[in-house]
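Chemist:
Number of protein chains: 2
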Amino acid sequence: MMKRMDMLGRLATDNGKKMVLLVLDGVGGLPGPEGKTELEAAVTPNFDALATKSELGFLDMVDVGITPGSGPGHLSLFGYDPMEYAIGRGILEAMGVGAHVGPGDVCARGNFCTVTEDFTVVDRRAGRIATEKSALLVQTLSEAIKDIDGVQVRFSPGKEHRFVAVFSGDGLSEDVADADPQQDGRVMRWATPTSPKGKKMAEVANAFIRQVAEVLKGESPANGCLLRGFSSAPDIPHMSDLYKIKPVAVATYPMYKGLSKLVGMEVVEAGETLEQLFESLKRLWAQHDFFYLHVKYTDSRGEDGDFAEKTRVIEVVDGLLPRLLDLAPDVLAVTGDHSTPSVMSGHSWHPVPYLLASPFVRYGDSKRFTERECRVGAGYRMAGSKLIGLMLAHARRLEKFGA
Amino acid sequence: MMKRMDMLGRLATDNGKKMVLLVLDGVGGLPGPEGKTELEAAVTPNFDALATKSELGFLDMVDVGITPGSGPGHLSLFGYDPMEYAIGRGILEAMGVGAHVGPGDVCARGNFCTVTEDFTVVDRRAGRIATEKSALLVQTLSEAIKDIDGVQVRFSPGKEHRFVAVFSGDGLSEDVADADPQQDGRVMRWATPTSPKGKKMAEVANAFIRQVAEVLKGESPANGCLLRGFSSAPDIPHMSDLYKIKPVAVATYPMYKGLSKLVGMEVVEAGETLEQLFESLKRLWAQHDFFYLHVKYTDSRGEDGDFAEKTRVIEVVDGLLPRLLDLAPDVLAVTGDHSTPSVMSGHSWHPVPYLLASPFVRYGDSKRFTERECRVGAGYRMAGSKLIGLMLAHARRLEKFGA
Chain A
1 MMKRMDMLGR LATDNGKKMV LLVLDGVGGL PGPEGKTELE AAVTPNFDAL ATKSELGFLD
61 MVDVGITPGS GPGHLSLFGY DPMEYAIGRG ILEAMGVGAH VGPGDVCARG NFCTVTEDFT
121 VVDRRAGRIA TEKSALLVQT LSEAIKDIDG VQVRFSPGKE HRFVAVFSGD GLSEDVADAD
181 PQQDGRVMRW ATPTSPKGKK MAEVANAFIR QVAEVLKGES PANGCLLRGF SSAPDIPHMS
241 DLYKIKPVAV ATYPMYKGLS KLVGMEVVEA GETLEQLFES LKRLWAQHDF FYLHVKYTDS
301 RGEDGDFAEK TRVIEVVDGL LPRLLDLAPD VLAVTGDHST PSVMSGHSWH PVPYLLASPF
361 VRYGDSKRFT ERECRVGAGY RMAGSKLIGL MLAHARRLEK FGA
Chain B
404 MMKRMDMLGR LATDNGKKMV LLVLDGVGGL PGPEGKTELE AAVTPNFDAL ATKSELGFLD
464 MVDVGITPGS GPGHLSLFGY DPMEYAIGRG ILEAMGVGAH VGPGDVCARG NFCTVTEDFT
524 VVDRRAGRIA TEKSALLVQT LSEAIKDIDG VQVRFSPGKE HRFVAVFSGD GLSEDVADAD
584 PQQDGRVMRW ATPTSPKGKK MAEVANAFIR QVAEVLKGES PANGCLLRGF SSAPDIPHMS
644 DLYKIKPVAV ATYPMYKGLS KLVGMEVVEA GETLEQLFES LKRLWAQHDF FYLHVKYTDS
704 RGEDGDFAEK TRVIEVVDGL LPRLLDLAPD VLAVTGDHST PSVMSGHSWH PVPYLLASPF
764 VRYGDSKRFT ERECRVGAGY RMAGSKLIGL MLAHARRLEK FGA
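Pasting the structure below:
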C-alpha cells in the first residue's frame, strides 16, 4: 500500500508557486468568560475578509481526543504522521541551540542543578541561573570534559539553567531513562537503560554527571546537572526532497527552529518580535517557495490562562497580515499546531481551525476565522498531516495520480 | 486488521435489489464566470427533486489534495482503494479494445509513427491516420508477425494511430520503460528494462518494433511504431464475487469498458449517445442488479474549459434521468470519478459531490445536487471507495456485522 507521503513525493513538481504556512501556536480555543473563544473575541478585520473567500475547516493533529505536544503538532503540519514519526524532546532542543547531532549520536537536555555531596538534588534548576551564567559554566565544562570512556562529549548552552549535551561514540543508544529525581529534595535518580541497547549510554551519562559535579564543585548554586530526554537523530525524510520545495522557517524559539532543521527547512535569524518575523518574509521571498511562519505567543498566553492577552496576540497578527498578503502568496494556510484554550491553561485535544486561501477554493459559509465559522467552511475536518498536500495541490504543484 | 473490502465481502448477500451508479465523469466544479459552478448554473429540475429526498455529500477518490486520473477515480468508485490497487494505462486500453490479457501476458499501447531508415521518429502519431487505415495496418501486421523468439504476439486496433499489442510467453514482465523518444524529430528511444525481470520483454519489444518497420517499409506516413505503458493484468478481486452482484457496465469509451471488465463487470454494447445509454438500461434491467452508467462528456467539456457546454451536458443528463427513475432502482448513486472544473480545464483534487437515493436515507438540507448544497447534506465527506458499501447497505444487501 502506497503511503500518502510517498505518493505526494512522486507527484510533486516545482512550478515556482509560493506557499505560506502561518502557524499561530495553540490558536484553537474554548468559550471564555463571555461565551466567546479567543478567535471570536478578537477584532480581526483582515482575517474576516480572508475567511469569506477561503476554505475553512478543522485539523486533528494526532487523532481524535489526543492532545498534541508541540513536536507532534508541528510534525503533523509538516506532513508527517506523528503516530509514525516520533521525535525526542532532547533532539528538538539540541537542534534549536544549533548543536549538531550526527548519525549514531545521542543527545540529552541538561539542567544545571544544586546538589549536596551525597547527591541529593536540592534544586533541579539551580535557582534558574541567568543564561549568561549558564553559558560560562558550559564553557568551563567544555574545556574540562571532552571524552568519557572513549565517547566524545559536546556542550551547547541554552536558556537559563538549560544546556544540551551530545555524545558521539560506538554503541550508544537513546534507550535510556532520564537521570532526574523529578522533585526537589530527593536523592539523585541515575540514568538507567530502558533496553539492553541503552546500557553503555546510561553508564556514560552517569559518569558524565559525576564529572560535571567534580568540575563544578566550588560553584553555587549550580554545582551539578541532570540529563533528560536522551534521543538520537530520527531518520526522517526531508520536506525539501519529498515535496521539491525550498522551505524556510521563520521562527524565534529554539524548538521550532530545531524541528524545522530536522525536516529539511532552512532556518534563518528572523528577529524576535512578530513585526520582525513578518518583515523578514519580504527579504526571504525570492529565494524560497515554502514559508513556515511561527507565532509563539498565542500559545504562551493560552498556557498562562490569560484569555485577554491571547486575544490581543491574535489581533496583533491580524494587524500584520496585510504585510504577508502584500507578497501575494499563491497559497496561504493559517492554523495552529494544537489548541491551547485559555480556560484550560494548556494544550488540548480540540480540533484546530484552519483557513486555506488560494484561487481554487470552493466556498463555504464562513464569515470569520473562528471555531464556530470553521464548522460551516468548505474544508470539513481532516488529519493535520494532510494539510501540506492540500497546500501543494492548491499551488498546482502536484501532478495527476494515474491515467 | 480486517480490510473493509473483506468485511463487505463477508457481509454481502444477494436479495435481488437493484442499484444504479450513475457516473458523470468529472462532474465536480468550481465557481465560473458568474460565481456559480457548472452544477449550480445548470437547470436541473429532476436532480433538484431527487436532492431534497436524498443523502448528499462529498467523496475523496484517492486522498485529500490528490488529483485522480480516470483509472484511480473509477477504481475508488468500484470499492478499491486506489493507493492499493494500481492499474497501468496499457492494460486499461487493452481491455477497452477487447484484447484478452491473460495471466503472465504483457500488453502495451502502440502508436503508429513515421520513422526514417536510421530510426529517427519524424512524427510520433503518423499524422493521426484514420481509424480505418490503422485497422488495415493492424490486419497486415497480424498476418506477418505472430511470434517473436517464441513469444506470441496479438494485435488489436484502436482509434486513429493507436493499437494494442499483447505478448504471451514465459519470463515476460511489465518492468519495461516506454519505447518512445517522447518528442518528434528525435532518434528512437528503445525499450529498456526497469528491473532485471524486464530484460526479455524489452528485447522482444525492440525486435517487435524492428519487424513492424520491416513489414511497413513501403507505407506512408505510418511506417513504424512506438510501444508504451507495458503492463500485465493486475490481480484484482472481482466485484461480482466480492459483493455477490451481477454488475454491468453501460459505457461508450474503451477505457471505462476496460476497467469494468477488469473488476468483473459484464460489458455490453450500449450505444454511442447518452439517450442510447439510458435506453439500454431498460433492456439490461432483468438480468443484472448493479448498473454502472458512465457519462463521459461532463469531463470532456470541462477539460475543454467550456463552462457552458459542461453545464449543458448536465442538463441533458437531467432530462434523461426520468427514464432511469422509471425503472425504480432500489438505490441510485450519482457522482463523478473526480472533479474537472471548467475554470481549470483539467482534473482536480476537489472532493466530488455525490447523491444517494434510497428509501432509507436521512435527510439533510440539500435542495439541489450542487457542491454548495452537498455541504449541508446528510452525507458529509468520505473516501470514494466507501460509496459502494453504502449502496449495498441501502439496498439491504449487507448483513449485520457481529452479533
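Sequences listed follow chains A and B, in order.
Quick note, the first sequence lines up with residues 1 to 403 if you use the numbering used here.
Quick note, the second sequence lines up with residues 404 to 806 if you use the numbering used here.
Where a beta carbon is used, it is the ideal one built from N, C-alpha and C, also for glycine.
All values reported here derive from a predicted model rather than from experimental measurement.
(1) Between Y380(A) and chain E, is any beta-carbon pair separated by less than 8 Å?
(2) Taking the runs of the beta strand (DSSP E) that are 3 residues or longer, which of them lie wholly in the segment 646-722 of chain B?
(3) Taking 8 Å as the CB-CB cut-off, is R362(A) touching chain B?
(4) Taking only beta-carbon positions, decide if P657(B) is within less than 8 Å of chain A.
(5) For S260(A) and Y297(A), which I take to be in contact (beta-carbon distance under 8 Å), what is that distance rounded to the nearest angstrom?
(6) Taking 8 Å as the cut-off, does the segment 248-255 of chain A touch the segment 129-138 of chain A (at least 3 CB pairs, one atom from each stretch)?
(7) Check the Cβ of G389(A) against every Cβ in chain B and list those closer than 9 Å, keeping chain order.
(8) For the alpha helix (DSSP H) containing G96(A), name the first residue and the last one.
(9) Run down chain B in chain order and give the residues with a C-beta less than 7 Å from the C-beta of F401(A).
(10) Going by C-alpha distance, which of R154(A), Y363(A), H394(A) and H338(A) is nearest M747(B)?
(11) Below 8 Å on the Cβ atoms is my guess for T517(B) versus A625(B); work out the distance and round it to an integer in Å.
(12) Can you tell me whether DSSP reads S598(B) as helix, strand or coil?
(13) If distances are taken between C-alpha atoms only, which option among D638(B), G513(B), A445(B) and F522(B) comes closest to R613(B)?
(14) Could you tell me whether the Cβ of A393(A) comes closer than 8 Å to any Cβ of chain B?
(15) Buried or exposed: which applies to R800(B), given that a residue is buried once 16 or more other Cβ atoms fall within 10 Å of its Cβ?
(16) Run through DSSP, which three-state label would I551(B) get?
(17) For my contact list, G97(A) and D184(A) are in at a C-beta cut-off of 8 Å; report their separation, rounded to the angstrom.
(18) Would you grab the beta carbon distance between A378(A) and G364(A) for me? Rounded to a whole angstrom, and I think it's under 8 Å.
(19) Report the residue from F167(A), M391(A) and R372(A) whose alpha carbon sits nearest the alpha carbon of L356(A).
(20) Between the Cα of M265(A) and those of E219(A), F78(A), R312(A) and G69(A), spot the shortest distance and give me the residue it belongs to.
(21) Taking the straight line between their C-alpha atoms, what separation do you get for G476(B) and S634(B)?
(22) Distance, Cα to Cα, I84(A) vs R4(A)?
(23) Check whether the Cβ of R397(A) lies closer than 8 Å to any Cβ atom in chain B.
(24) Tell me, please, which residues DSSP counts as bridged to P560(B).
(25) How would you label V151(A), buried or exposed, when you count the other beta carbons within 10 angstroms and need 16 or more for buried?
(26) Measuring CB to CB, does A511(B) end up less than 8 Å from R631(B)?
(27) Enumerate, from N- to C-terminal direction, the unbroken alpha helix (DSSP H) stretches of 4 or more residues contained entirely within the segment 3-89 of chain A.
(28) Quick one: residues in its chain with C-beta nearer than 6 Å to the C-beta of A144(A), no 5 flanking neighbours on either side, listed in chain order?
(29) Report the partner residues of T738(B) according to the DSSP bridge assignment.
(30) Taking only runs of the beta strand (DSSP E) that begin and end inside the segment 330-379 of chain A, which ones reach a length of at least 3 residues, in chain order?
(31) Quick check: what's the CA-CA separation for L814(B) versus D508(B)?
(32) Under 6 Å Cβ to Cβ from T192(A), same chain only, skipping five residues before and after it: list those, please.
(33) Roughly how many angstroms separate the alpha carbons of S168(A) and D6(A), rounded to a whole number?
(34) Can you list the residues of chain A that P650(B) reaches, using a CB-CB cut of under 9 Å?
(35) Are N46(A) and C225(A) close, meaning C-beta to C-beta below 8 Å?
(36) Under 8 Å, Cβ to Cβ, is there at least one residue of chain A near A489(B)?
Modeler: So, to answer that:
(1) Any reference to chain E falls outside this structure, whose protein chains are A and B.
(2) Secondary structure within the segment 646-722 of chain B: the beta strand (DSSP E) runs of 3 or more consecutive residues, fully enclosed, are 650-653 and 693-698 (chain order).
(3) As a working note, residue 362(A) is residue 362 in the first sequence. So yes, R362(A) belongs to the interface.
(4) Looking up residue 657(B) in the second sequence gives position 254. No, P657(B) does not count as interfacial toward chain A.
(5) In the first sequence, counting from the first residue as 1, residue 260(A) sits at position 260. In the first sequence, counting from the first residue as 1, residue 297(A) sits at position 297. Contact flag wrong, Cβ pair sits at about 18 Å.
(6) Output reads no: the segment 248-255 of chain A does not touch the segment 129-138 of chain A.
(7) Here residue 389(A) refers to the residue found at position 389 of the first sequence. Under the 9 Å cutoff, chain B gives D466, V467, G468, I469 and W752.
(8) Sequence index remark: in the first sequence, residue 96(A) carries index 96 (1-based). Counting along the chain, G96(A) sits inside the alpha helix (DSSP H) bounded by residues R89 to G96.
(9) Looking up residue 401(A) in the first sequence gives position 401. Per Cβ cutoff of 7 Å: V465, I469, T470, P471, G472 and P475.
(10) On the second sequence, residue 747(B) is found 344 positions in, with the first residue counted as 1. When R154(A), Y363(A), H394(A) and H338(A) are compared, the shortest CA-CA separation from M747(B) is found for H394(A).
(11) Position 114 of the second sequence, counting from 1, holds the residue named residue 517(B). Position 222 of the second sequence, counting from 1, holds the residue named residue 625(B). In this structure T517(B) touches A625(B) by the C-beta definition: roughly 7 Å separates them, less than 8 Å.
(12) Taking the second sequence and counting its residues from 1, the one referred to as residue 598(B) is at position 195. Assigned with DSSP and collapsed to three states, S598(B) falls in coil, not helix or strand.
(13) The sequence position of residue 613(B) within the second sequence is 210, counting from 1. Comparing Cα positions, the closest option is F522(B).
(14) In the first sequence, counting from the first residue as 1, residue 393(A) sits at position 393. Yes, contact with chain B.
(15) Residue numbering aside, residue 800(B) sits at position 397 when the second sequence is read from its first letter. Here R800(B) is buried: its Cβ has 16 or more other Cβ atoms, across all protein chains shown, within 10 Å.
(16) Numbered from its first residue, the second sequence carries residue 551(B) at position 148. DSSP, reduced to helix, strand and coil, places I551(B) within a strand of the structure shown.
(17) Taking the first residue of the first sequence as position 1, residue 97(A) is located at position 97. Taking the first residue of the first sequence as position 1, residue 184(A) is located at position 184. Looking at the sequence shown, residue 97(A) is not Gly but Val. The C-beta separation of V97(A) from D184(A) comes to about 25 Å, leaving the pair out of contact by the 8 Å criterion.
(18) Counted from its first residue, the first sequence places residue 378(A) at position 378. Counted from its first residue, the first sequence places residue 364(A) at position 364. Yes, they are in contact, since the Cβ atoms of A378(A) and G364(A) sit about 4 Å apart, within 8 Å.
(19) Here the question's residue 356(A) lines up with position 356 in the first sequence. The alpha carbon of L356(A) has as its nearest neighbour, out of F167(A), M391(A) and R372(A), the alpha carbon of M391(A).
(20) Mapped onto the first sequence, residue 265(A) falls at position 265. Among E219(A), F78(A), R312(A) and G69(A), the Cα nearest to that of M265(A) belongs to F78(A).
(21) As a first step, residue 476(B) must be located in the second sequence, where it is residue number 73. As a first step, residue 634(B) must be located in the second sequence, where it is residue number 231. So the alpha carbons of these two residues sit roughly 19 Å apart.
(22) Stepping through the first sequence from its first residue, residue 84(A) is reached at position 84. Stepping through the first sequence from its first residue, residue 4(A) is reached at position 4. The sequence given here has Glu at residue 84(A), not Ile. Taking the straight line joining both Cα atoms gives about 13 Å.
(23) Counting from one through the first sequence, the residue named residue 397(A) turns up at place 397. Closer than 8 Å: no.
(24) The residue given as residue 560(B) occupies position 157 in the second sequence. BP columns for P560(B) point to F566(B).
(25) On the first sequence, position 151 is the one that residue 151(A) refers to. Buried.
(26) Within the second sequence, numbered from 1, the residue matching residue 511(B) stands at position 108. Within the second sequence, numbered from 1, the residue matching residue 631(B) stands at position 228. In contact: A511(B) and R631(B) (Cβ atoms closer than 8 Å).
(27) Counting only runs of 4+ residues, the alpha helix (DSSP H) found wholly inside the segment 3-89 of chain A occupies 4-11, 38-41, 45-51 and 70-77, in chain order.
(28) Taking the first residue of the first sequence as 1, we reach residue 144(A) at position 144. Counting only Cβ-Cβ distances below 6 Å, and skipping sequence neighbours, we find V215.
(29) Stepping through the second sequence from its first residue, residue 738(B) is reached at position 335. DSSP, once it has assigned bridges, lists V426(B) as partnering T738(B).
(30) Runs of the beta strand (DSSP E) spanning 3 or more residues and lying entirely within the segment 330-379 of chain A occur at 331-335 and 352-357, in chain order.
(31) Past the boundaries of the shown model lies residue 814(B); chain B is included only from 404 to 806, so the question cannot be answered.
(32) Translated into positions along the first sequence, residue 192(A) becomes position 192. These residues qualify, in order along the chain: A177 and A202.
(33) If you number the first sequence from 1, residue 168(A) lands on position 168. If you number the first sequence from 1, residue 6(A) lands on position 6. Cα-Cα distance, rounded: 32 Å.
(34) As a position in the second sequence, residue 650(B) is number 247, starting the count at 1. Chain A residues near P650(B): none, gap ~22 Å exceeds 9 Å.
(35) Against the first sequence, residue 46(A) aligns to sequence position 46. Against the first sequence, residue 225(A) aligns to sequence position 225. Cβ distance not < 8 Å, so N46(A) and C225(A) don't count as in contact.
(36) Indexing the second sequence from 1 puts residue 489(B) at position 86. So, interface residue.
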